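Heads up: the sequence shown begins at 1 in UniProt numbering, then just goes up one per residue.
A virtual CB, placed ideally from N, CA and C, is assigned to each residue, including glycine.
Remember, predicted model here, so these are calculated numbers, not experimental data.
Everything on this sheet refers to the single structure shown next.
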Amino acid sequence: MKKVSFIIAKCLFMLSMGLLLTGFLPLPNTFFLSNNIAVAKASEVGDDDDKASSLRLNVNAFSLIIEDSYTLRLRNLEEGQKVTYKAEDSDIVSIKKVSNKEAEITGDTVGTTTIIVTVKQAGKTVRTLKCKVKVGPPAQSVRFGESEVTVKAGEKTTLKAKLTPGTTVETGRYKSEDTEIATVTSQGTVTALKPGEVKITITIANGATDTCTVKVIE
């Protein structure tokens, strides 16, 4: 009788091993992907990691005209965390730290660089964030590609404007003189609303302007 029990136990053991090796019986603390590939199950993220992962900059990239400034902001900073702001190329931008949550970035010379934001807690780095900055000269002049365009009511068109010099990062400000006839976005996209005629104006920082007449038809 003991011999029979031993044989049964041995068979069950061999069956279990066979299932284990073929992927039908999972290992402890594992899950399966396709083709029965066993992968170690990841441990849960701790509270500290959750807080660190919530840290965000208000932008990932931005452009600056030489001598202009922009405030870079850090969100979800925890009490006790210390922050440093550093440019990979300090010749292109200068940084004035306003607080742990804010830094004023000023464009100094034409070029592109990266701002590195390091967050530390108790002397240990918990997160490093990066933001790309492009610095260019101000625009000297602006001209629309066309002086007049025709658009059907309910449709859209994008006005093309050329700013010089070509290396400028300035985009100009668009304005519609009658938003009941047509509106315009900051990228120059015009939405025709009802029949009529309206002037769209683009203005750059030095005060130079150009105008395009938009005729909206049925």
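Helix, strand or coil at residue i according to DSSP, with G and I counted as helix
i, result
"I69", "Looking at the sequence shown, residue 69 is not Ile but Ser. If DSSP states are grouped into helix, strand and coil, S69 belongs with the strands."
"S63", "strand"
"D210", "strand"
"Q121", "strand"
"I200", "strand"
"A139", "coil"
"K147", "In the sequence as presented, Lys is not what sits at residue 147; that position holds Ser. Correct three-state label for S147: coil."
"T30", "Legend: pLDDT at T30 = 30, less than 50; position of this residue unreliable, value from coordinates given subsequently. Residue state, collapsed to three classes: strand."
"K194", "coil"
"T179", "coil"
"V169", "coil"
Inter-residue Cα distance where the pair is residue i and residue j
i, j, result
"L72", "G154", "38 angstroms"
"A87", "E146", "41 angstroms"
"C131", "V59", "7 angstroms"
"N76", "T106", "24 angstroms"
"E67", "S54", "32 angstroms"
"A208", "L193", "28 angstroms"
"R173", "D91", "29 angstroms"
"Y70", "V98", "12 angstroms"
"V190", "K156", "5 angstroms"
"K101", "V214", "45 angstroms"
"P165", "Y85", "31 angstroms"
For residue i: DSSP bridge partner residues
i, result
"V133", "F62 and T113"
"L57", "L74"
"G107", "V93"
"S99", "E102"
"residue 220", "An answer regarding residue 220 cannot be provided, because it is not within the stretch 1 to 218 covered by the chain."
"V184", "V190"
"V126", "DSSP lists no partner for V126."
"A87", "I115"
Closer than 7 angstroms: residue i CB and nearest the ligand MN heavy atom
i, result
"E79", "Absent from the structure shown: the ligand MN. Ligands present: none."
Beta-carbon spacing of residue i, residue j below 8 angstroms
i, j, result
"V133", "V93", "yes"
"G111", "D89", "yes"
"A216", "I181", "Residue 216 is actually Val in this sequence, not Ala. A contact, by the Cβ cut-off of 8 angstroms."
"L64", "V169", "yes"
"T167", "P137", "yes"
"L159", "C212", "yes"
"T128", "I115", "no"
"S176", "I200", "yes"
"V198", "D178", "yes"
Problem - Cβ contact (3+ pairs, closer than 8 angstroms) linking the region 179–199 and the region 111–120 - result: In this structure the region 179–199 does not lie against the region 111–120, because fewer than three pairs of beta carbons, one per stretch, are closer than 8 angstroms.
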